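K.L.:
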Amino acid sequence: MSSLHVRHPVKRTYWSLLKRFLTFTTSYWITLGTSMTNSIEFFSLYERFLSLIAARLTFVSFCKSFKPSLSSYLNELIERKRYCLKLFRKFRHPYFAIVLRTFGNTIRKELFLYKRQSWQNYCKSLNELDTRSFWRKAK
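Next comes the structure, spelled out in structure tokens:
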């Protein structure tokens, strides 16, 4: 994995469990809301309860897979195609349709070559004698 690659946290909340827990505690909060005289204090207490339970049922994990980025040349081609698509949608001129089609064909061919080259580099990186690294890469 490249040292420039940043791993972002992924939050997952168990919404079904949160819903079930809130269903069971609803009667308690209704009786507490009717018995408390200060409504602001009740709402702050209830809001605090909701944030705490949401935090308790939310788990943060980091993405373990690495998705390599495309080359800068391919990214530039894709950006040009998007710009051309924007112009085509705005003006509907046949020139932009032709340019858009040529960009699409060029990008398709370049992506094919890039994927082929990446796959060849990956296959060259496998060492025939080291089965441990092979199975790590095969996961």
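Sequential numbering of the sequence shown, starting at 4, is according to this note's numbering.
In this text, a Cβ means the ideal position worked out from N, Cα and C, and glycines have one as well.
Model, not experiment: these values are computed from the prediction.
In the DSSP assignment, what residue or residues form a beta bridge with residue 16?
P.N.:
61.
K.L.:
Output the distance between the C-alpha atoms of residue 22 and residue 47, rounded to the nearest integer angstrom.
P.N.:
If I take the Cα positions, the gap works out to 20 Å.
K.L.:
My understanding is that residue 102 touches residue 64, with C-beta atoms under 8 Å, so please give their C-beta distance in whole angstroms.
P.N.:
With a Cβ gap of about 43 Å, residue 102 and residue 64 do not count as contacting.
K.L.:
Does the distance from the C-beta atom of residue 106 to that of residue 90 stay below 8 Å?
P.N.:
Contact flag unset, no.
K.L.:
Taking the alpha helix (DSSP H) that residue 134 belongs to, which residues open and close that run?
P.N.:
134 to 141 is the extent of the alpha helix (DSSP H) around residue 134.
K.L.:
Determine the extent of the alpha helix (DSSP H) in which residue 85 is found, giving its start and end residues.
P.N.:
Start and end: 75 to 94.
K.L.:
For residue 126, does the count of other Cβ atoms within 10 angstroms reach 16, so buried, or fall short, so exposed?
P.N.:
Answer is exposed; the Cβ neighbour count stays below 16.
K.L.:
Do residue 45 and residue 53 have their C-beta atoms closer together than 8 Å?
P.N.:
Contact flag unset, no.
K.L.:
Could you check what DSSP says for residue 47 in three-state terms: helix, strand or coil?
P.N.:
It is helical.
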